[in-house]
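Participant:
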Amino acid sequence: DLHLGYEEALQHDGILLPPGHLEKIKARLGPILDRLGAEGRPRRLVINGDLKHRFAPLSRSEWREALRLIEFLEKRFDEVLLLKGNHDRSIEYLAGGACSLKVQRSLRQDELIIVHGDRHPQEGELRGAKLVLIGHEHPAVGLRSPISGRL
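Encoded structure:
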């Protein structure tokens, strides 16, 4: 879950954050992908849903950031595949010509199935799968003070 456009959504709600989410993602991914590339060009990268943040159609910043990220990834992979998540409404417009991003609901590779996890699988979708990989969940830990109840 990359949630591109997160900063813009917070600004819309009156919370100001300095820009840089996309650059941080690229800075973290770059060295990892470079190490993978040293062993031979990886064929496919799978993004398991929620490329963008807002539930609404693509905003300008989501469009711009998604194109920049996909361009960054296309230099390293033969194929960039997005498994559509619950935030990825209207993402097909981006994939429909502006870049080579491919979009689908799930990916099956032998006995592995990868889905975003925001919906129940269709009848038979998991048949024969020995491993199901999902994203979607955002685990968090909350801490509370016994005195004030907050921390």
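For the sequence shown, the numbering used here assigns the number 92 to the initial residue and increments by one for each residue that follows. Quick reminder that beta carbons are idealized off the backbone N, C-alpha and C, glycines included.
Do you know whose CA, among ILE205, PRO237, GLY215, lies nearest LEU222's CA?
Facilitator: Stepping through the sequence shown from its first residue, residue 222 is reached at position 131. Checked all of ILE205, PRO237, GLY215; the closest Cα to LEU222 is ILE205.
Participant: By DSSP, does LEU108 sit in helix, in strand, or in coil?
Facilitator: By 1-based counting over the sequence shown, the position of residue 108 is 17. Three-state DSSP puts LEU108 in coil, outside helix and strand.
Participant: Applying the criterion that 16 or more other CB atoms from any shown protein chain within 10 Å of the CB defines a buried residue, is LEU234 buried or exposed?
Facilitator: Residue numbering aside, residue 234 sits at position 143 when the sequence shown is read from its first letter. LEU234 comes out exposed.
Participant: Is the Cβ-Cβ distance between PRO133 and ARG180 less than 8 Å?
Facilitator: Position 42 of the sequence shown, counting from 1, holds the residue named residue 133. Position 89 of the sequence shown, counting from 1, holds the residue named residue 180. Their beta carbons are not under 8 Å apart, which means PRO133 does not touch ARG180 by this criterion.
Participant: Run the CB neighbour count on GLY188, radius 10 Å, all protein chains shown included, and call it buried at 16 or more, exposed below.
Facilitator: Taking the first residue of the sequence shown as 1, we reach residue 188 at position 97. Looking at its Cβ environment, which holds fewer than 16 other Cβ atoms inside 10 Å, GLY188 is exposed.
Participant: Does the Cβ of SER152 have 16 or more other Cβ atoms within 10 Å, making it buried, or fewer, making it exposed?
Facilitator: In the sequence shown, residue 152 corresponds to position 61, counting from 1. SER152 should be labelled buried.
Participant: Is it true that the CB of GLU202 sits closer than 8 Å to the CB of GLY219?
Facilitator: Locating residue 219 in the sequence shown gives position 128, counting from the first residue. Locating residue 202 in the sequence shown gives position 111, counting from the first residue. Yes, these two residues count as a Cβ contact at 8 Å.
Participant: What is the C-beta distance between VAL171 and LEU198, in whole angstroms, given that I count them as a contact (C-beta under 8 Å)?
Facilitator: The residue you call residue 171 lines up with position 80 of the sequence shown. The residue you call residue 198 lines up with position 107 of the sequence shown. 12 Å between Cβ atoms; not a contact.
Participant: Please work out which residues of its chain come closer than 6 Å, Cβ to Cβ, to LYS193, disregarding the five sequence neighbours upstream and downstream, and give them in chain order.
Facilitator: What you label residue 193 is simply residue 102 of the sequence shown in a count that begins at 1. Closer than 6 Å at Cβ, skipping near neighbours: LEU172.
Participant: Where ASP169 and SER239 are concerned, what is the direct C-alpha to C-alpha distance, given to the nearest angstrom?
Facilitator: Counting from 1 along the sequence shown, the entry for residue 169 is found at position 78. Counting from 1 along the sequence shown, the entry for residue 239 is found at position 148. Their Cα atoms are separated by approximately 54 Å.
Participant: Tell me which residue opens and which closes the alpha helix (DSSP H) that LEU192 is part of.
Facilitator: Counting from 1 along the sequence shown, the entry for residue 192 is found at position 101. It is not in any alpha helix (DSSP H) - LEU192 carries neither H nor E in the DSSP assignment.
Participant: State the DSSP-derived secondary structure class of GLN102, mapped to helix, strand or coil.
Facilitator: The sequence position of residue 102 within the sequence shown is 11, counting from 1. Helix at GLN102.
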